[in-house]
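The sequence shown begins at 3 in our numbering and counts up one residue at a time.
For glycine and all other residues, C-beta sits at the position ideal for the given N, C-alpha and C.
Note that the coordinates shown come from a computational prediction; the quantities given were computed from them, not determined experimentally.
These notes are about the structure you will find just below.
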Amino acid sequence: FLVLPRDGALWLEARMEAFAGAAPFVPEPLASSSGLSAAIVQYVARTREPVVLADAAEEGMFVSDGYVATKRPVSVICLPLVAKGELTGLLYLENGLAKGAFTPARVEVLSIVAAQAAISLENARLYETLEKKVATRTRELVTELAERRKAEEALAREAEFNRMLLESLEEGVVACDGNGTLVLFNEVARRWHGVDPATVPPEEWASRYDLFAADGVTPLPVDQIPLVRTLRGERVADAPFTILARGQPL
């Protein structure tokens with residue numbers, strides 16, 4: 003039998019019979035299995051020490067075990083499968099015909115097989131864990147991308163709504179950022195200022211105009227721009243200034 007830990011319990015995961023005709027094997031919990039000595043398996047799992055019995059029904063510490071007393075197995079061996087200090091499984095074998103079937107030489111071979119099996123089981127466990135982590139992260143990324151796409155679409159709709167709202171106003175609207183750079187002209191303002199979006203891309207508008215005081219001569223300091231003053235918390239009303247195309251007044 004191959005016994006593996008699963009969800010905090012030990013399970014019989016595989017069985018190999020020396021004789022044909024055995025019923026198909028279905029994995030089952032060790033606690034409810036009647037096909038082996040659960041006491042021996044639990045002892046090895048707890049101590050991580052191998053158990054080798056030449057005549058289990060007649061000698062050794064498990065002669066009074068219910069399974070041993072009833073089934074009377076002869077030779078029994080149970081080996082722990084340990085990798086990186088962790089119990090990855092157990093190998094349980096019986097020979098019901100011959101006493102002392104598990105000689106030192108055979109025990110040595112089985113120990114080598116058990117060590118290789120432990121490494122393989124640990125690698126399989128790590129691979130399964132990695133697969134689960136990748137699958138979980140993939141689902142998270144898909145969710146994050148979907149949420150980000152929704153947010154971007156919502157922002158785009160909001161920006162388009164604001165653009166259409168500004169474009170529909172009958173008043174000219176010109177805006178600048180906190181550094182005093184002109185960043186927006188609505189349609190009326192563009193018409194007033196002779197800005198043709200077909201020939202002047204919006205990203206170039208700011209480079210073609212400057213802000214001046216009401217006299218149209220004195221450059222307007224950034225800290226005196228009405229919007230900048232408003233961003234500082236001032237209440238600003240009736241603050242005249244002039245927008246001049248570089249090289250000519252508008």
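Reference residue i; option with closest CA among the options
{"i": "G91", "options": "T49, L38, L6 and E51", "result": "L6"}
{"i": "G174", "options": "A103, V190 and P26", "result": "V190"}
{"i": "A116", "options": "L89, F64 and V230", "result": "L89"}
{"i": "Q44", "options": "V54, L32 and R127", "result": "L32"}
{"i": "C178", "options": "G37, G98 and V224", "result": "V224"}
{"i": "E172", "options": "N188, F64, N164 and V219", "result": "N188"}
{"i": "F12", "options": "V65, E19, S113 and A47", "result": "Note that residue 12 is Leu in the sequence shown, not Phe. It is A47 whose Cα lies nearest to the Cα of L12."}
{"i": "L81", "options": "T72, R74, Y94 and A71", "result": "Y94"}
{"i": "V28", "options": "A161, F3 and T49", "result": "F3"}
{"i": "E30", "options": "M18, E19 and L14", "result": "L14"}
{"i": "T72", "options": "G102, L112 and S36", "result": "S36"}
{"i": "L99", "options": "V76, I114, S113 and L112", "result": "V76"}
{"i": "E19", "options": "T140, T244 and E96", "result": "E96"}
{"i": "L168", "options": "E146, T145, K152 and R192", "result": "R192"}
Inter-residue CB distance, residue i and residue j (contact presumed, cutoff 8 Å)
{"i": "S39", "j": "Y69", "result": "4 Å"}
{"i": "L222", "j": "L213", "result": "4 Å"}
{"i": "A215", "j": "P228", "result": "12 Å between Cβ atoms; not a contact."}
{"i": "D57", "j": "A41", "result": "With 8 Å as the limit, D57 and A41 do not qualify as a contact, their Cβ atoms being about 17 Å apart."}
{"i": "A59", "j": "V53", "result": "That belief does not hold up - the Cβ atoms of A59 and V53 are roughly 14 Å apart, past 8 Å."}
{"i": "L112", "j": "I79", "result": "7 Å"}
Bounding residues of the beta strand (DSSP E) (the contiguous stretch that carries residue i)
{"i": "A41", "result": "Segment A40 to T49 is the alpha helix (DSSP H) holding A41; no beta strand (DSSP E) there."}
{"i": "V54", "result": "V53 to L55"}
{"i": "R8", "result": "L4 to R8"}
{"i": "V176", "result": "V176 to C178"}
Beta-ladder partner(s) of residue i, from DSSP
{"i": "E30", "result": "L14"}
{"i": "N97", "result": "S77"}
{"i": "D212", "result": "L246"}
{"i": "E61", "result": "None; E61 has no bridge partner."}
{"i": "G68", "result": "DSSP output for G68 lists no bridge partner at all."}
{"i": "E88", "result": "A85"}
Residue span of the alpha helix (DSSP H) that contains residue i, given as start and end
{"i": "S77", "result": "It is not in any alpha helix (DSSP H) - S77 instead sits in the beta strand (DSSP E) that spans S77 to A85."}
{"i": "R165", "result": "P106 to S170"}
{"i": "T232", "result": "P228 to L233"}
{"i": "G218", "result": "Looking at the DSSP string, G218 is not in any alpha helix (DSSP H), and its letter there is neither H nor E."}
Cβ-heavy atom distance, residue i to the ligand GTP, below 8 Å
{"i": "P26", "result": "Ligands are entirely absent from the displayed structure, and the ligand GTP is therefore not among its contents."}
Quiz item: Is the segment 80-87 touching the segment 107-123 in the sense that three or more CB pairs, one from each, lie closer than 8 Å?
Solution: yes
Self-check item: Cβ contact check for the segment 101-108 and the segment 131-141: 3 or more pairs under 8 Å
Solution: no
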